[in-house]
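Student:
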Amino acid sequence: MVTGRLCWVPLLLVLGVGSGSGGGGGSRRRRLLASKVNKHKPWIETSYHGVITENNDTVILDPPLVALDKDAPVPFAGEICAFKIHGQELPFEAVVLNKTSGEGRLRARSPIDCELQKEYTFIIQAYDCGTGPQETAWKKSHKAVVHIQVKDVNEFAPTFKEPAYKAVVTEGKIYDSILQVEAVDEDCSPQYSQICNYEIVTTDVPFAIDRNGNVRNTEKLSYDKQRQYEILVTAYDCGQKPAAQDTLVQVDVKPVCKPGWQDWTKRIEYQPGSGSVPLFPSIHLETCDGAVSSIQITTELQTNYIGKGCDRETYSEKSLQKLCGASSGIIDLLPSPSAATNWTAGLLVDSSEMIFKFDGRQGAKIPDGVVPKNLTDQFTITMWMKHGPSPGVRAEKETILCNSDKTEMNRHHYALYVHNCRLVFLLRKDFDQADTFRPAEFHWKLDQICDKEWHYYVINVEFPVVTLYMDGATYEPYLVTNDWPIHPSHIAMQLTVGACWQGGEVTKPRFAQFFHGSLASLTIRPGKMDSQKVVSCLQACKEGLDINSLESLGQGIKYHFNPSQSVLVMEGDDIGNINRALQKVSYINSRQFPTVGVRRLKVSSKVQCFGEDVCISLPDVDAYVMVLQAVEPQITLHGTDRFWRPTAQFESPKGVTLFPDIKIVSTFTKTEAPSDLKTTVLGGDLDPKQECLELNHSELHQRHLDATNSTAGYSIYGVGSMSRYEQVLRHIRYRNWRPAALEARRFRLKCSELNGRYTSNEFNLEVSVLHEVRVSDKEHVNHLIVQPPFLQSVHHPESQTGIQRSSVVPSIATVVIIISVCMLVFVVAMGMYRVRIAHQHFTQESEAAKEAEMDWDDSALTITVNPMEKHGAPGRGEDETEEEEEEDLSSSSSDSEGSDEEYGVGRGGHGQGGAAQAQLEWDDSTLPY
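Take 476 as the starting number for the sequence shown in the working numbering and just add one per residue.
1) Pull the bridge partners of N1064 from the DSSP assignment, please.
2) When the Cα of Q1067 is compared with those of F551, D532, C556, R787, which residue comes out closest?
3) To the nearest angstrom, how far is the alpha carbon of V726 from that of Y704?
4) Evaluate L1025 with the Cβ neighbour count: other Cβ atoms within 10 Å of its Cβ, from every protein chain shown; 16 or more gives buried, anything less gives exposed.
5) Tell me the DSSP secondary structure of K797 in three-state form.
6) Output the boundary residues of the beta strand (DSSP E) element that contains I1110.
7) Please classify M945: is it buried, with 16 or more other beta-carbons within 10 angstroms of its beta-carbon, or exposed?
8) Would a C-beta distance cut-off of 8 angstroms place S1080 and C975 closer than the cut-off?
9) For the beta strand (DSSP E) holding R1210, just list the boundary residues, first then last.
10) How should F912 be labelled, buried or exposed, when 16 other C-beta atoms within 10 angstroms of its C-beta is the threshold for buried?
11) Which parts of the region 715-751 are runs of the beta strand (DSSP E), unbroken and 3 residues or longer, counting only runs that do not cross its ends?
12) To which residues of the same chain is E937 closer than 6 angstroms at the C-beta, ignoring the five residues directly before and after it?
13) Ordered along the chain, which non-local residues of its own chain (more than five positions away) have a Cβ less than 6 angstroms from that of P1069?
14) Measuring CA to CA, which of Q777, D1160, W1119 is closest to A1098?
15) Would you call the region 1180-1194 and the region 1118-1137 in contact, with 3 or more CB pairs under 8 angstroms?
16) Determine contact between the region 592-605 and the region 516-530, defined as no fewer than three beta-carbon pairs at a distance below 8 angstroms.
17) Let me know the alpha helix (DSSP H) ranges lying completely inside the region 1070-1138, each 4 residues or longer, listed in chain order.
18) I'd like to know if the region 980-998 and the region 846-865 are in contact, where contact means that at least 3 CB-CB pairs between them fall below 8 angstroms.
19) Need the endpoints of the alpha helix (DSSP H) that I519 sits in, please.
20) So, are the CB atoms of R1210 and E1169 less than 8 angstroms apart?
21) Can you tell me whether DSSP reads H617 as helix, strand or coil?
22) Where does Y640 sit, in a helix, a strand or coil, going by DSSP?
23) Quick one: grab the DSSP three-state call for C785.
24) By the 10 Å Cβ neighbour count, where 16 or more other Cβ atoms means buried, how is E1320 classified, buried or exposed?
25) Just how far apart, CA to CA, sit K1345 and R1220?
26) So E941 is in the beta strand (DSSP E); what residue range does that whole segment cover?
27) How many angstroms separate the CA atom of V1078 from the CA atom of E775?
28) Go to L1027, then tell me how far its alpha helix (DSSP H) extends in each direction, as first and last residue.
29) Please report the distance separating the alpha-carbon of N957 from that of S1185.
30) Identify whether H1176 lies in helix, strand or coil by the three-state DSSP scheme.
31) For P475, list the residues DSSP reports as bridge partners.
32) Can V981 and V933 be called in contact, C-beta distance under 8 angstroms?
33) The alpha helix (DSSP H) spanning K881 covers which residue range?
34) Below 8 angstroms on the Cβ atoms is my contact criterion, and I expect I1053 with D1021 to pass it. Report the Cβ-Cβ distance as a whole number of Å.
35) Do F989 and R886 count as a contact pair if the criterion is CB distance below 8 angstroms?
36) Q1040 by DSSP, collapsed to three states: which one?
Okay, here's the thing in structure tokens:
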């Protein structure tokens, strides 16, 4: 080929010279010659294989791109002018490097990305230059296939499919693979896109990883030693490029699988007012692949050490009876110790809950008149009792309530007692015409009587039938024994609590058959028993277990609460449903101020398996609810704490109103909201011969409150709003029908809420007495005025109208008059010496002295009142006997000498006309407040 082409060149040169010298005719001859010369098509290879590196434009072809033409060396016809690529939007182009030699080059028109396309295939053809420079009569070669492969560059680092991996393993095992991590590479070639190695970055960990990403432990793991491991892992592609970011592998170690409840918290805090709080929101059962067919769960809230078995309202028994709608006439046999109910003062008591504890050495006598002597055939006894077996006293009766002969004999008319953990009620009816055996003893044998826990008992008597209700459930007596009726006698009876009175057949009357245990709210009520609803209300707990969203429990779950909602039993055959059901169990306490402290929780489980002799055993869940302290309320009493009243008002039937504007304020209780309050008005020891506190019973009844009145003071109690208590307190009156010897009386008022759990401030009131005393003689002696220590002295000068006052003084009192005048001179001298203590006003009288008036401060008081010591009385008027005048004047004299600031002195005068009675006019402009 090369020899042939070299032979063609001289010919072309000769022809070229000859053509050039021919002029115009030569040009036509050249074209004619060229058309005869361009007889062949260019020739290229039939296929090409090329390689291009991504992000580069040079394509390396094999074989190289060269086109040949047999018409060479003829100009144009033997030259290669172009390479053309056939295809749509191909990123390549072919250029001619040498027309004569036909060499070309394939290159990229834009950057090539291997990740977008790894290879290209297209058609290429070569074109000669035709017959001349005008690009006419071109001839093209056959079509050749070009296949180009893009060479990858390791531009991407491996990345993990997950940012973190987590696995749980059991201690004490060696695992072939705990988990597998996986990384990927976005490079296109196998060399750079494949992950060739994984490596643990974290040092000193008992784990290894293979090239496939499988993590395994190299030693046995211990739950006690370390419960969780966190390791970092990286990856390498086959180009040894590491991962851009390591991945976290978390391995949790769990102890050897033991069936039981998982993910629960031992301490659950309860904030008062939170409503229903879930106890185990994340709890679930681990069966360790045990084949469980059904499970029964018992959740128990243990509150037997809180008050009377659980958190109940701390209302007094009478208040609670009213709240529950019980009938009237209930008699509280164990009331709070007070002046009116002092028979419980010597008993051991837990004052916070009014629980009385009997240690086998105490008993209380109920005063006569508290309970009717002859109960009808229908009456009810209710009580809270906590009792357990006491060593050494099992053979002796333990009396709760006993009505026996006070003297001479030892007959028991009715009694309630415990004997050998059996509850026995004795009722001996009186004799009538039918002298026959009658039911007399009713026995109940119950485990609860000696379980040392609180239970609520109701003994309903509808003779001859006696029924026991315990914690709302009905129990009939298992044994009823008969006895003869009691023959009538005139022997008085004694009702006792905690022991039985033995008044006869002994040397000295004494208590016997003592009770060992605790009692509360022991009451007796003549008449039929209240409804079951009332009984349930009286023993209802304010705290208990609850289920959030009962409708979401799902099918197949059975549940049951006990009456006090302290025990919940659930049963099901699907573990998932059981888990969700237990997660909805919650604790609720509806008291505004619940008892602070621990409530123990216990969850026990019974599991049944599919036909297996041995089934898994689940340990109990022991947790507790911690009830936190609520913000305690503050009760405040305020009002007027000092005022004055004339003696006439103390003596009047209406008396002196003590608290006309009393106000009770609580930080938590609204004024109109019902509350269990108790207010006590104390005045020291009242002398019933001359003074008393009074309150119309209608004021109490229309507001559904109760009260007790004694020489120690006035107590008002019951469930009612604070506004009701204010209204009642504003009607309390103090009367004293001998106020002449009284100067002031002090009272104190106190308010308590929730049966004494929260108390108010002590409010003190002082009520002073204004005295008007007139002394005169036949000799027109000036009136001597003896005033209380907080008043100024006022003198009445003689009338300037010429009318003389006349005073009738018995002749036998002449000596007394002279002494009075001397005392007057002495007191006036002392008053001049101590100018600060008196400010005197003189007024003139025309015909008769005008009646004195004083502005009284009748503003309101608050709750606590007690009388102070009585001061000596001032001098009296002329209608008194000589002995009284002597006492008064002597008292005035001695008091004046003792303290110049205590009393002031007034002087009277005589006119020249008819007799007129002088009246005292008080100046209260400088009264001390």
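Ideal placement from N, C-alpha and C gives every residue a C-beta, glycine not left out.
Tutor: In short:
1) E1018
2) R787
3) 5 angstroms
4) exposed
5) helix
6) 1110-1113
7) buried
8) no
9) 1208-1211
10) exposed
11) 722-729, 735-737, 742-745
12) Q853
13) P747, D786, V1102
14) Q777
15) no
16) yes
17) 1122-1126
18) yes
19) It is not in any alpha helix (DSSP H) - I519 carries neither H nor E in the DSSP assignment.
20) yes
21) coil
22) strand
23) coil
24) Caution is warranted here: a pLDDT of 35 is assigned to E1320, below 50, making its placement in the model unreliable, and the coordinate value is therefore given only provisionally. Flag for E1320 reads buried.
25) Any reading at K1345 must be qualified, since the residue scores a pLDDT of 44, below 50, and its modelled position is unreliable; no value is offered.
26) In the sequence as presented, Glu is not what sits at residue 941; that position holds Val. Counting along the chain, the beta strand (DSSP E) containing V941 begins and ends at 940-945.
27) 6 angstroms
28) It should be pointed out that residue 1027 corresponds to Ser in this sequence rather than to Leu. Looking at the DSSP string, S1027 is not in any alpha helix (DSSP H), and its letter there is neither H nor E.
29) 45 angstroms
30) helix
31) Outside the displayed range of the chain (476 to 1404) lies residue 475, so it cannot be described from this structure.
32) no
33) Run containing K881: none; DSSP gives neither H nor E here.
34) With a Cβ gap of about 18 angstroms, I1053 and D1021 do not count as contacting.
35) no
36) coil
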